[in-house]
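K.L.:
Handing you this structure, nothing more for now.
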Amino acid sequence: MILDVNDLSMRFDTKTVFQDINFHLEKGSMTALLGPNGTGKTTLIKILMGMLTPTDGSYNFSSDVKLGYVPQFRNIDSEYPLSIRAFIGLNAPLFKTKKVKDQIDHQLIETHLDSIKDTRMGEASGGQKQRAYLAQALLDSPNMIILDEATASLDPAAKEELMGLIKHLNQEHKITVLFVTHDIPLAKKYMTDYLYLNKGSIRQGKMSEFKEDFE
Amino acid sequence: MFQYEFMRYAFLASTFIAITCGVVGVYVVARSYAFLAHTLSEIGFAGAAFAVFIGIAPLWGMLLFTLLGSIGVGELSLHSDQKESSISAISALFIGLGVLFLAISGSNSRYATNILFGSIIGVDKQGVIQLVVLSVIVLLMILLVQRNLNFDSFDHIGAIAHGVHTGLVGIVFLISLAMSVAIGAQIVGSLLVFILLTLPSSTARYIGRTIPAMIAWSVFFALIGVWAGLYLGFITNWPVTFFIATIEVVIYLVAYGLHVVKHR
């Protein structure tokens, strides 16, 4: 087990986001966190990342876990000046030794960005940007990665490429994946397990047995 | 012209000021703090006038006011929903205060002109040492937090996701910015210090694709501006500030024009 969540509750003032939810994730699993918009998926992720404190309950990652996190939104406009390579390198030490440079180059190859590494992030496509966000998170050499709506704004081809990449990371590098989405067909195609968060409670199961009951 | 001591001092002070403003400017633009930098320079004007009023060197009054102002205005601009209007209100208040301090200190209009538009030619040896020391302090402060400052300024959300203490980085940067405004104002004046803090770095954004490259270009353009400005000011006897402003604007417009043409 890589993550164990016990009786977790979250309230903002008077609004209860979720109440006493329980679930656990296995090492090496690929889990989709599903649920309608506004149901608290991002809130749950932020709690797991330590960016929000839950009202009640607890969660435990196994002691050897190294988390990578790709948030939902970024402030990258069309005038954004840094190259893809420099953007990824923001998550590296200031003085880049040969070893660090090699790691950055390795992630560029891993995420199929090597040929466009000097392109400015502002000029990169949506799919290229998402892969750069992923590469930046991979620089920490995580063994578990959380992606929040990474495919939400992508065209079908870019979606497939990103998902293929995530599948590769899971199969070849044994990275546990928690993938937040409301795209059920995509989740069915690539993910093995699901967590379904709706109306303050959570359900867990095999993706193949998931019953669609929300839009 | 280097046979004159005052020109040697002016060049030395300007060189350090240009380097500091060039470096800090990269982050001013990346964090969209241009308006804040402008407000701080107006607060600095009030500080300089206050210093004249109580009889100390304008630099120290400026430092005091910009340091206090940077924390106050910074908080306001980051957390208030009405940030533009609240910053405008603060600017207005401080310009008013500056005018008041100048009037009641009974100083002549020449003093006001120096504070507003700069008086690099008037820097003495002690002034140079002060400016150089302050510049080095600012650069060291930036270097100390640079890894996280880079991350936070160029990818705020990513920095938070990777556990960077963005609040702490923000405060260190505001202090560096406040000090840069105070020292930059010694050469181009408080009214135009935001030129050195925004234009060279805005130009650098069109050219550099990494942060070190942007810093190098930004410092380069700032140096070109102040060196050429001092030289042209020396041979024409026109205000140095005028030349610096014009040179930086021309360089910026050329870079912007090339950028637009390239992306047609």
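Going line by line, the protein sequences match chains A and B. Positions 23 to 237 (the working numbering) are the ones given, in order, by the first sequence. Positions 1345 to 1608 (the working numbering) are the ones given, in order, by the second sequence. Glycine included, every Cβ here is placed at the ideal spot set by N, Cα and C.
1) Using beta carbons (cut-off 8 Å, strictly below), is Pro103/A in contact with chain B?
2) Leaving out the 5 sequence neighbours to the left and right, which residues in its chain are closer than 8 Å to Ile1555/B when beta-carbon positions are compared?
3) Along the chain, where does the beta strand (DSSP E) that runs through Tyr218/A open and close?
4) Quick one: using the 10 Å Cβ neighbour count with 16 as the cut-off for buried, is Trp1582/B buried or exposed?
5) How far does the beta strand (DSSP E) with Phe201/A in it reach, from first residue to last?
6) Give the residues from the segment 59 to 85 of chain A that approach chain B closer than 9 Å (Cβ to any Cβ), ordered along the chain.
7) Using CA coordinates, which residue listed in Gly1528/B, Leu1407/B and Phe1379/B is at the minimum distance from Gly1391/B?
8) In the segment 126 to 143 of chain A, which residues sit with their C-beta less than 7 Å from some C-beta in chain B, listed in chain order?
9) In its own chain, which residues sit with a C-beta less than 6 Å from the C-beta of His1603/B, not counting the 5 before and 5 after it?
10) What number of angstroms, rounded off, separates the C-alpha of Arg299/A from the C-alpha of Leu219/A?
11) Distance, Cα to Cα, Gly1405/B vs Phe1445/B?
12) Taking its Cβ as the centre, do 16 or more other Cβ atoms sit within 10 Å of Ala1447/B, making it buried, or is it exposed?
13) Going by Cα to Cα distance, which pick from Ala1599/B, His1509/B, Gln1490/B and Trp1571/B is closest to Met1345/B?
14) Would you call the segment 1354 to 1364 of chain B in contact with the segment 1466 to 1479 of chain B, where contact means no fewer than 3 C-beta pairs closer than 8 Å?
15) What are the start and end residues of each continuous beta strand (DSSP E) run of 3 or more residues lying completely inside the segment 46 to 126 of chain A, in chain order?
16) Can you confirm whether His1506/B, when its beta carbon is compared against all beta carbons of chain A, has any partner nearer than 8 Å?
17) For Leu25/A, list the residues DSSP reports as bridge partners.
18) Which residues mark the beginning and the end of the alpha helix (DSSP H) in which Asp1496/B is found?
19) Candidates Ser31/A, Pro58/A, Asp26/A and Asp35/A: which alpha carbon is nearest Phe45/A's?
20) Are any of the Cβ atoms in chain A nearer than 8 Å to that of Gln1490/B?
21) Pro103/A and Arg142/A - do their beta-carbons sit closer together than 8 Å?
22) Looking at the C-beta of Met1485/B, does it have a partner C-beta in chain A at a distance below 8 Å?
23) State yes or no: is the C-beta of Gly1573/B within less than 8 Å of the C-beta of Ile1361/B?
24) Any idea what DSSP makes of Phe1379/B, helix, strand or coil?
P.N.:
Looking at the atomic coordinates:
1) yes
2) Val1370, Asn1494 and Phe1498
3) Asp215 to Asn220
4) exposed
5) Thr198 to Val202
6) Met71, Gly72 and Met73
7) Leu1407/B
8) Asp140 and Arg142
9) Tyr1550
10) Here chain A has residues from 23 to 237 only, and residue 299/A is not among them.
11) 12 Å
12) exposed
13) Trp1571/B
14) yes
15) 52 to 56, 78 to 83 and 89 to 92
16) yes
17) Leu47/A and Phe83/A
18) Lys1469 to Phe1498
19) Asp26/A
20) yes
21) yes
22) no
23) no
24) helix
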